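K.L.:
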Amino acid sequence: MTATLGKDLVGLEHMTPEQIRLILDTAEPFKEVSERPIKKVPALRGKTIVNLFFEASTRTRISFEFAEKRLSADTVNVAASGSSVSKGETLVDTAKNLEAMRIDMVVIRHPSSGAAGFLGQRIRSNVINAGDGKHEHPTQALLDLLTIRDKHGKIEGLKVCLVGDVLHSRVARSNLWGLTKLGAQVGVCGPHTLMPRGIEELGVKFFPRIEEAIEWADVLNVLRLQLERMEKGFIPSLREYYRVWGVTPERLERSPRAITIMHPGPLNRGVEIDSRVADGPHSAILDQVTNGVAVRMAVLYLLAGGRPELADAAKRGAGGGTE
Amino acid sequence: MPHKSDRTILLDARAMSRALQRMAVAVAELAHGTADLVLIGIQRRGVELAERIAKLIEKDEGVVVPRGALDITLYRDDLETVGPKPVIGETRLPVDLTDKHAVIVDDVLYTGRTVRAALDELVDFGRPKRISLCVLVDRGGRELPIQADVVGQVVKTGPGDRVEVQVEEVDGRDQVDLVR
Amino acid sequence: MTPPLLLQGGRVIDPSRGLDQPADLLVVDGKIAAVGAGLTAPAGVEVRSVAGKIVAPGLVDVHVHLREPGNEDEETVASGARAAVAGGFTAVCAMPNTDPVTDNQAAVGFIVRQSVRAGLARVYPIGAVSVGQRGEKLAEFGEMVGAGAVAVSDDGRPVASSHLMRTALEYARTFGIPVADHCEDPTLAAGGVMHEGLVATRLGLKGIPAAAEEIMVGRNCLLAGLTGGHVHLCHMSTRGSVELIRRAKAQGIRVTAEVTPHHLTLTDHACEGYDTHAKMNPPLREAADVAALRAALKEGVIDCIASDHAPHAYDEKEAAFDDAPFGIVGLETAFAVAHTELVGGGGVLTINELIARMSTEPAKIFHLPGGTLAVGAPADVVVLDPSAQWNVEPAAFRSKSRNTPFAGRALTGRALLTLVAGKTVHDLGASAAS
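Spelled out as structure tokens, the structure:
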């Protein structure tokens, strides 16, 4: 019995390992599409997709846009500034307007946790979470999983450490769910002030120092440290953060194994990660970007359209299908 | 009352082998030799059949014929109605198709929609100078104006019938059945 | 004047006099005229049989938000008073975080007049501690009390400045009123939307740690001790707070405390699924906190139950969790929820203790008439049916707002009849089928 996804992709917390594997497996052939001279297949031809971004984001939005266009869908970008949202229109009203225009799919990024699920419950269109508050960023975790699988051949049994501001990170949460469901061991490393309450109750190992994390991990997923964390007093300075937790070549050298280095981007060179590491031989950062488009194509493909009852009727009635 | 299906063997292993040999010769003739011939098998079993035909031509003509695989799932015209999305197989094309004679190889030709999808996809990869179609079984029932240039076996079928092709590499044996 | 009324055959529970016995109750000229078994009905009196029911002093809710003036679409003094009597309350105290803030004698007088006009539950205004509730300058306690205020509070917000709180406690002594504080350290709680714990981590929501409340509880107890003033702690929610209050009372400090029905029954798990009807301040906490609050209520460390009735328009709660306002309504479900969870299944309180904590005690600590069935007292009476089974239907609320986490819940216990000054202001028996 093949796994199927529901109407929406809101997060990995409540997905099954089979559903996650389905997305990763489906992403592989889509990597090939991006290598063709004509990077387009007609699979989502005529579908309208809105990228509804209430938070600025260049890279995620572009990645989704490429995924959508390579599937031949029609895309529209709505940015919070300059749209009715900034004039105080509620999320509910924006959603109803989009549905009234018969949009097929909405990709949403919003500063409030729960916003993607909130939207998915209220409109018929498929809703894909491109990051909601501090809750989840499922496509980022999926492309991280795919990258790890490509590099190591598997995920089960691997030791993956998330480094940095886990407290405010939706990427960290989604990775935590995805990695544990696929059998990896998860660690976190960073200052106590940036760790969420109860994290160890979720089966995660905490490393107070980066040296300990490096000794343990097969993969380091280095999270971006935002300037405002210093401004809000979670850490005294970016300089000190780099001195204590920065991922540097000197520290990596002490590891008994070659550690795969990942980062969701954009990089703060010299803050959470040293340039030589980001550009080094074990960095999978650019692979993450390539895989990002493929994973998003897979998600759009799997969620779009599809009425199971017609497929069953086709199987029962007619003979050979479409030969 | 479920009707009991009635299974006849259209081609056994021996017959299939003979058919493939004939087809290999016909393909080589069609292409006036092997100079610009490329065989492209449609996922799934078309890929194995293309491989066999290529090897037969190789044996006869002493030339290695490039072959590739094409998965047409993303070009299907029925993606809307198919429930859980079909698994997408591998697409790999060995050479640039420009100025080549591409021969599409599939196991069964029926409505013609698979071939239509394959044509749309091939054309996104380049501009072959000619595209031909080679199938193991032509079972009639066309819904589009598509014809095969090389056919292993023609059989008349009705809408309730199924033609099942098994190949050694995938199913463990070579056989073609007609199930009524 | 209202006609005389005889409530016949009920079980009279009056915690103010330690009474619990089958008895009749006679109301004449808006006052309690007699309580006793087998009372003869004087001529022209209406006789109402309340066999199998409990006759108690009208319930008193010392913490409600009635939104008038400023947000009359959410609630008014009149609609709030109607909701109150439906819930068995004969008196409520209205918090001053209205728009404009109730921080002067004219505003206090307005609330009093609206209450009289509605003629249902008595609405006693609580005046602001500081002008505009801005936490800078004391409001005119004397003038406000003169116009009818029974306490002062900046609820909605904490009194952040310890100096201001100290001054308020000292100044309030002249007028014999409590200073009621919403205990929350603003910098610790800032931006938080639910209890800081594992559930918040999983949902990706910023948490309000228990310490944010406990710090202010500790501070307020110390200041009450320093000044000899009376501090009343609003809506307690943590086991740490309970500990601090217990110790302060043992030292003779004049501190009183209230707890809401929802903090006695729900935990932070109610926020899963981002249900904004579980969003309030202070937030729902952990099972251990609920257990400690229940024990404290029984012990009397927490003096009373108060609903913190906080109406909101439906579309305001229809938002992402972060953006929705804090608060739920509670007047019409408070008694039933407390009765179902604490007296019924839970077995935490007896019915007598519950009535004491919802009537006699709150009236006492706010120096209000009420909470008693003594002869000569105003006839603020409630007839409760302890076995009435009903489902919470927000659409049927008398309140203008519907934001409750208890929608659809099956509850046991309901106010059948409510009298204020002897007048029948709520009567389920008249309209409802059995």
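Residue numbers (the numbering used here), protein chains in the order written: chain H, 1 to 323; chain A, 1001 to 1180; chain U, 2001 to 2434. Every residue gets a Cβ at the ideal spot worked out from N, C-alpha and C, and that includes glycine. These figures come from a predicted structure and were not determined experimentally.
1. Near V1123/A, which residues of its chain fall below 7 angstroms by C-beta distance, leaving aside the five closest residues on each side in sequence?
2. Shorter than 9 angstroms from the beta carbon of S84/H to some beta carbon of chain U?
3. Taking 9 angstroms as the threshold (C-beta atoms), are V277/H and S283/H in contact?
4. For the beta strand (DSSP E) containing Q2021/U, list its first residue and its last residue.
5. When the Cα atoms are used, what is the spatial distance from V2337/U to P2261/U?
6. Indicate whether V1150/A and D1161/A have their beta-carbon atoms separated by less than 9 angstroms.
7. Can you check whether the C-beta of T1008/A is within less than 9 angstroms of a C-beta belonging to chain H?
8. Measure the alpha-carbon distance for A2278/U versus A2324/U and round it to whole angstroms.
9. For a contact meaning CB atoms closer than 9 angstroms, what does V92/H contact in chain U?
10. Between which two residues does the beta strand (DSSP E) harbouring N51/H extend?
11. Quick check: what's the CA-CA separation for G280/H versus D144/H?
12. Output the distance between the C-alpha atoms of A217/H and C161/H, rounded to the nearest integer angstrom.
13. For V2368/U, which option in V2092/U, G2044/U, L2019/U has the closest C-alpha, if you only look at C-alpha atoms?
14. Should L91/H and V106/H be called a contact, given that it needs their Cβ atoms to be closer than 9 angstroms?
15. Could you tell me which chain B residues have their CB closer than 8 angstroms to the CB of D1071/A, listed as they occur along the chain?
16. Output needed in chain order: residues of the segment 2201-2222 of chain U with a Cβ under 9 angstroms from some Cβ in chain H.
17. Kindly indicate which three-state DSSP category K39/H falls into: helix, strand or coil?
18. Can you tell me where the beta strand (DSSP E) holding G2010/U begins and where it ends?
19. What alpha helix (DSSP H) runs, 4 residues minimum, are completely inside the segment 74-127 of chain H?
20. Go through its chain and collect everything with a Cβ distance to S2049/U's Cβ below 6 angstroms, but skip five positions before and after it.
21. To the nearest whole angstrom, what separates the beta carbons of I1104/A and I1131/A, a pair I think is in contact under 8 angstroms?
22. Got a sec? Which residues, its chain only, sit under 6 angstroms from E2316/U by beta carbon, not counting five neighbours each side?
23. Have a look at V2060/U and T2090/U and give me their C-alpha separation to the nearest angstrom.
24. Going along the chain, which residues of its own chain have a beta-carbon closer than 6 angstroms to the beta-carbon of M2165/U, five neighbours each way excluded?
25. Put C189/H into one of helix, strand or coil per three-state DSSP.
26. Leaving aside the five residues before and after S113/H along the sequence, list all residues of the same chain whose C-beta is less than 7 angstroms from its C-beta, in chain order.
27. Among D274/H, G203/H, I49/H, L44/H, whose alpha-carbon lies nearest the alpha-carbon of L98/H?
28. Counting only the same chain and skipping the five closest in sequence on each side, list residues whose C-beta sits under 8 angstroms from that of G2225/U.
29. Beta-carbon separation of V1065/A and L1093/A under 9 angstroms?
30. Along the segment 7-21 of chain H, what residues have a CB closer than 8 angstroms to any CB found in chain A?
31. Report yes or no: do the segment 292-301 of chain H and the segment 54-65 of chain H share at least 3 C-beta pairs separated by less than 8 angstroms?
32. Judging by CA-CA distance, which residue of R122/H, E212/H, D150/H is the nearest neighbour of A100/H?
33. So what does S283/H bridge to, in DSSP terms?
34. When burial is assigned at 16 or more other CB atoms within 10 Å of the CB, is V1063/A buried or exposed?
35. Could you please tell me which residues of the segment 104-116 of chain H, in chain order, have their CB closer than 9 angstroms to any CB of chain U?
36. Taking DSSP as the reference, what is the three-state secondary structure of G11/H?
P.N.:
In short, the structure shows the following:
1. none
2. Residue placement at S84/H cannot be trusted, given a pLDDT of 47 that sits under 50; the coordinates are not used to answer.
3. yes
4. 2019-2028
5. 7 angstroms
6. no
7. no
8. 11 angstroms
9. D2315, E2318, A2319
10. 48-53
11. 18 angstroms
12. 6 angstroms
13. According to the sequence as given, residue 2368/U is Leu; it is not Val. Measuring from the Cα of L2368/U, the nearest candidate turns out to be V2092/U.
14. no
15. In the structure shown, chain B does not exist; the protein chains are H, A and U.
16. T2201, R2202, L2203, G2204, L2205, K2206, G2207, P2209
17. coil
18. 2005-2014
19. 91-100, 115-122
20. Q2008, G2009
21. 7 angstroms
22. P2325
23. 6 angstroms
24. V2159, L2223
25. strand
26. D132, G133, K134, H135
27. I49/H
28. A2248, Q2251, I2253
29. no
30. none
31. yes
32. R122/H
33. I261/H
34. exposed
35. H110, P111, S112, S113, G114, A115
36. coil
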